[in-house]
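Engineer: The sequence shown finishes on residue 645 if you use our numbering, and the numbering steps up by one all the way, no holes.
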Amino acid sequence: MSDISPSLEDLRNALIQRRSIISDRACYERDPVGHLESLKEVSLRITQIASTVSTVDPQFRHYLDRCSYDKALAWLETTYRDSGKG
560 MSDISPSLED
570 LRNALIQRRS
580 IISDRACYER
590 DPVGHLESLK
600 EVSLRITQIA
610 STVSTVDPQF
620 RHYLDRCSYD
630 KALAWLETTY
640 RDSGKG
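(1) Does the segment 627-637 come within contact of the segment 575-592, defined as at least 3 CB pairs closer than 8 Å?
(2) Assuming the contact rule is C-beta atoms closer than 8 Å, residue 620 and residue 614 should be a hit. Round their C-beta distance to whole Å, please.
(3) Could you pull out every residue in the same chain whose Cβ sits closer than 6 Å to the Cβ of residue 572, ignoring the five residues on either side in sequence?
(4) Using the Cα positions of residue 609 and residue 596, report the straight-line distance between them to the nearest angstrom.
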């Protein structure tokens with residue numbers, strides 16, 4: 560994804576981190592409060608970054624606005640991979 564803009568790359572990284580936090584069942588079982596706080600922090604970062612991303616693609620914006628973060632990540636990865644940018 561070498562031609563992806565810095566803000567989209569930051570957003571992609573935050574979306575990946577969010578997915579990783581959600582799937583970390585050991586952390587959840589060991590420290591549910593800390594796990595939730597980590598999830599809140601990365602979700603806030605996603606919201607902040609998403610508010611700075613200017614995109615003309617209505618489907619991608621819809622995913623971000625509706626907090627469909629797995630779909631937004633899939634869109635990013637598919638769009639940049641299929642366009643030869645990644």
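Ideal Cβ positions, reconstructed from N, Cα and C, are used throughout, including at glycine.
Structural biologist: According to the structure shown:
(1) yes
(2) Here residue 620 corresponds to residue number 61 of the sequence shown, with the count starting at 1. Here residue 614 corresponds to residue number 55 of the sequence shown, with the count starting at 1. Their Cβ separation, rounded to whole angstroms, is 6 Å, which keeps residue 620 and residue 614 in contact under 8 Å.
(3) Stepping through the sequence shown from its first residue, residue 572 is reached at position 13. Excluding positions up to five away in sequence, the list is empty.
(4) The sequence position of residue 609 within the sequence shown is 50, counting from 1. The sequence position of residue 596 within the sequence shown is 37, counting from 1. Each residue's alpha carbon lies about 20 Å from the other.
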